[in-house]
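Please read the structure below before turning to the comments.
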Amino acid sequence: MSREYDLVILGGGTGGYVAAIRASQLGLSTAIVEKEKLGGTCLHKGCIPSKALLRSAEVYQQSKNASDFGIEVAAVRVNFNAVQKRKNNIVEQLHNGVKGLIKKGKIDVYYGTGRILGPSIFSPMAGTISVEKEGEENEMLIPKNIIIATGSTPRNLEGLIPDGKKVLNSDHALEMSELPKSMLIIGGGVIGIEWASMLTDFGVKVTIIETSKQILPSEDSDIANEMAKMLKKRGIEIYTNAFLQTDKLNLSDKNIKATILIDDEEKRIEAEKMLVSVGRKGNISDIGLDNTEIELESSFIKVNEAYQTKEKHIYAIGDCIGGLQLAHVASHEGIAAVEHIVNGTIKNIRYENIARCIYSNPEAASIGITEEKAKNLGMNIKVGRFPFKAIGKALVYGDMEGFVKIIADQDTNDLLGVHMIGPHVTDLISEASLAMLLDATPWEIGETIHPHPTLSEVIGEAALSVDGRAIHY
1 MSREYDLVIL
11 GGGTGGYVAA
21 IRASQLGLST
31 AIVEKEKLGG
41 TCLHKGCIPS
51 KALLRSAEVY
61 QQSKNASDFG
71 IEVAAVRVNF
81 NAVQKRKNNI
91 VEQLHNGVKG
101 LIKKGKIDVY
111 YGTGRILGPS
121 IFSPMAGTIS
131 VEKEGEENEM
141 LIPKNIIIAT
151 GSTPRNLEGL
161 IPDGKKVLNS
171 DHALEMSELP
181 KSMLIIGGGV
191 IGIEWASMLT
201 DFGVKVTIIE
211 TSKQILPSED
221 SDIANEMAKM
231 LKKRGIEIYT
241 NAFLQTDKLN
251 LSDKNIKATI
261 LIDDEEKRIE
271 AEKMLVSVGR
281 KGNISDIGLD
291 NTEIELESSF
301 IKVNEAYQTK
311 EKHIYAIGDC
321 IGGLQLAHVA
331 SHEGIAAVEH
341 IVNGTIKNIR
351 YENIARCIYS
361 NPEAASIGIT
371 EEKAKNLGMN
381 IKVGRFPFKA
391 IGKALVYGDM
401 EGFVKIIADQ
411 DTNDLLGVHM
421 IGPHVTDLIS
431 EASLAMLLDA
441 TPWEIGETIH
451 PHPTLSEVIG
461 EAALSVDGRA
471 IHY
């Protein structure tokens, strides 16, 4: 059996289903081929479930420290089964919501493995999609256009394959039935830091190993250093410029015994479990790319500014093309690809103006370039900085550590970067996103009247401090 469509999307994750909805809005007959569940990694194995666990860990810590606010709470304990149940309920509610949106858009969904076939009796070009499901006859979809939105999976360390028991990746960690007493985290990037923060709040002893000179290697050094300081204050051990010796890893005992190399010296670390968090790789195997002219670059699909592959009727978006592997990026890439299919317009996404968020305790968020990058580019810059401890609402919350840092061009006054660490900064960063979109200057942000008392005042004060005009510090 075969069916024709204007557009078939391989992958029903955030990028895929958003692209499908936009295609439906623009009048394209659209289908999604999804191997597992609509919503993809973000909804089922990433953004949403991990943030649900982070929120439970945060509430646990708030309950333990309720006496700081004059509230007396009896014995507080973690019921991890209930924590996981809450997480699963949130995921299922959102999953049902996505299914409802797809139904509303009259978008067909085929569950199975989608594979791109070469030229055939169905199509003179590569692009017929074979939907394969074990025990069932293959279905053939004949699209005019294809969007590959197959996402990514956790990357493994060479010589170390997670078994899901002692050695975990982030997928495994989300399904833990009980908390370990200790966890060794390999990788101090965003995912590693979020897990370290969460597990520490739940009472787990955590050690982080990072090969770079700082945790959060892509972030401004002031933010990374402040994060390290605050995590260490909570009892997390952090080793940078450190390398796990996989050939000396002992997994046979009750606890994992690991050897790391720091400045040519070996150090031994013991933990009940290990979480490998060393990035993600694109899901590009076994989807029929070898039947096409599509080119790869560093194990990701190569695309042009319109998200077209070398086969111009086949587009690719999201994690499988590399770049910023973020759900909100994939969504906008999907919309851009669909609008190019329909009317040929190229929507230039300015990746440096996309906010990046870390949902740890403390939170961190950033947009634009770091101070180090600006200096490396030879730019003449000016920097403003303002601490949360001088913001009344932060004291009311009992969460006054951290700061906002703003980088501007000394010659043009252009806003170059905004970097935050502290309470609710993953929400506050949206003001900086709008400022970047509108090419606002620090002066314009500083002249914006921020309501008092709010955490947002820290942005206005940081903007004023760029030119030495901060009022409250």
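Here the UniProt record's numbering is used: the first residue of the sequence shown is 1, the next is one more, and so on. Idealized CB from N, CA, C, for every residue including glycine.
Any non-hydrogen atom of the ligand ZN within 7 Å of residue i CB
{"i": "Ile256", "result": "The ligand content of the structure shown is nil, which means the ligand ZN is not present either."}
Distance between residue j and residue i (C-alpha atoms, nearest Å)
{"i": "Val303", "j": "Ile236", "result": "41 Å"}
{"i": "Met140", "j": "Gly118", "result": "13 Å"}
{"i": "Phe202", "j": "Gly422", "result": "20 Å"}
{"i": "Arg469", "j": "Lys144", "result": "58 Å"}
{"i": "Leu464", "j": "Tyr351", "result": "26 Å"}
{"i": "Ile107", "j": "Val418", "result": "39 Å"}
{"i": "Ala327", "j": "Gly27", "result": "24 Å"}
{"i": "Thr441", "j": "Gly384", "result": "12 Å"}
{"i": "Leu296", "j": "Glu311", "result": "12 Å"}
{"i": "Ile294", "j": "Thr309", "result": "6 Å"}
{"i": "Glu194", "j": "Ala82", "result": "20 Å"}
{"i": "residue 541", "j": "Glu431", "result": "Nothing about residue 541 can be reported from this structure: the residues present for the chain run from 1 to 473 only."}
{"i": "Asn343", "j": "Ser366", "result": "33 Å"}
{"i": "Ser130", "j": "Asp286", "result": "12 Å"}
{"i": "Met436", "j": "Ile354", "result": "9 Å"}
{"i": "Ala306", "j": "Ala19", "result": "14 Å"}
{"i": "Ser197", "j": "Leu38", "result": "29 Å"}
{"i": "Lys85", "j": "Asn156", "result": "28 Å"}
{"i": "Lys103", "j": "Ile381", "result": "51 Å"}
{"i": "Leu334", "j": "Ser298", "result": "For clarity, residue 334 is Gly in the given sequence; the question names Leu instead. Spanning the two alpha carbons is a distance of roughly 21 Å."}
{"i": "Asp6", "j": "Lys347", "result": "21 Å"}
{"i": "Ile358", "j": "Leu199", "result": "15 Å"}
Classification of residue i by the beta-carbon crowding that lies within 10 angstroms, buried from 16 upward
{"i": "Ser360", "result": "buried"}
{"i": "Phe386", "result": "buried"}
{"i": "Val73", "result": "exposed"}
{"i": "Phe403", "result": "buried"}
{"i": "Ile161", "result": "exposed"}
{"i": "Ile341", "result": "buried"}
{"i": "Leu434", "result": "exposed"}
{"i": "Gly398", "result": "exposed"}
{"i": "Val59", "result": "exposed"}
{"i": "Glu457", "result": "buried"}
{"i": "Gly378", "result": "exposed"}
{"i": "Asp220", "result": "buried"}
{"i": "Lys405", "result": "buried"}
{"i": "Arg22", "result": "buried"}
{"i": "Ser50", "result": "buried"}
{"i": "Leu395", "result": "exposed"}
{"i": "Leu438", "result": "exposed"}
{"i": "Asp264", "result": "exposed"}
Beta-carbon proximity check, residue i vs residue j, cutoff 8 Å
{"i": "Ser152", "j": "Arg280", "result": "yes"}
{"i": "Ile260", "j": "Lys267", "result": "yes"}
{"i": "Pro217", "j": "Gly189", "result": "yes"}
{"i": "Leu244", "j": "Ile209", "result": "yes"}
{"i": "Ile459", "j": "Ile449", "result": "no"}
{"i": "Val466", "j": "Ala408", "result": "yes"}
{"i": "Lys393", "j": "Leu324", "result": "no"}
{"i": "Val278", "j": "Ala364", "result": "no"}
{"i": "Ala330", "j": "Ile314", "result": "no"}
{"i": "Ile48", "j": "Leu101", "result": "no"}
{"i": "Glu34", "j": "Val109", "result": "yes"}
{"i": "Ile349", "j": "Cys320", "result": "no"}
{"i": "Ile256", "j": "Lys166", "result": "yes"}
{"i": "Gly105", "j": "Ser29", "result": "no"}
Residue-level contact to chain C via CB, residue i, 8 Å cutoff
{"i": "Thr150", "result": "Among the chains in the structure shown there is no chain C, since it carries only a single protein chain."}
Continuous alpha helix (DSSP H) stretch holding residue i: start and end
{"i": "Lys205", "result": "Unbroken run through Lys205 is the beta strand (DSSP E), 205-209; no alpha helix (DSSP H)."}
{"i": "Glu372", "result": "371-376"}
{"i": "Val18", "result": "14-25"}
{"i": "Val59", "result": "47-64"}
{"i": "Met176", "result": "First-last for Met176: undefined, no H or E at that position."}
{"i": "Arg86", "result": "80-104"}
{"i": "Asn145", "result": "First-last for Asn145: 139-148, but that is the beta strand (DSSP E), not the alpha helix (DSSP H)."}
Start-to-end residues for the beta strand (DSSP E) that takes in residue i
{"i": "Leu132", "result": "The displayed chain sequence assigns Glu, not Leu, to residue 132. Run containing Glu132: 129-132, per the beta strand (DSSP E) assignment."}
{"i": "Val276", "result": "273-276"}
{"i": "Thr412", "result": "Segment: none, Thr412 is in no beta strand (DSSP E) and carries neither H nor E."}
{"i": "Phe243", "result": "242-244"}
{"i": "Asp467", "result": "Note, Asp467: premise wrong, no beta strand (DSSP E); not H, not E."}
{"i": "Glu4", "result": "2-10"}
{"i": "Thr426", "result": "Per DSSP, Thr426 belongs to no beta strand (DSSP E); it is in the alpha helix (DSSP H), 425-437."}
{"i": "Ser197", "result": "Premise fails: Ser197 lies in the alpha helix (DSSP H), 190-201, not in any beta strand (DSSP E)."}
{"i": "Ile445", "result": "Segment 442-447 is the alpha helix (DSSP H) holding Ile445; no beta strand (DSSP E) there."}
Margin query: Count Cβ pairs between the region 262-274 and the region 174-183 that sit closer than 8 Å; are there 3 or more?
Written below: Cβ pair count under 8 Å is three or more, so yes.
Notebook entry, point to check: Below 8 Å, can you find three or more Cβ-Cβ pairs linking the region 4-14 to the region 149-165?
Noted result: The answer is yes - the region 149-165 touches the region 4-14, with three or more Cβ pairs under 8 Å.
Next item on the list: State whether the region 107-116 contacts the region 58-71, with contact taken as three or more CB pairs (one from each stretch) at a distance under 8 Å.
Entry: No, the region 107-116 is not in contact with the region 58-71.
Next item on the list: Please determine if the region 13-29 and the region 38-54 are in contact, where contact requires at least 3 C-beta pairs separated by less than 8 Å.
Entry: Taking 8 Å as the limit for Cβ pairs, the verdict is that the region 38-54 does touch the region 13-29.
Notebook entry, point to check: Contact between the region 236-250 and the region 211-225: three or more CB pairs below 8 Å?
Noted result: Taking one beta carbon from each stretch, the region 236-250 and the region 211-225 have 3 or more pairs nearer than 8 Å; the two touch.
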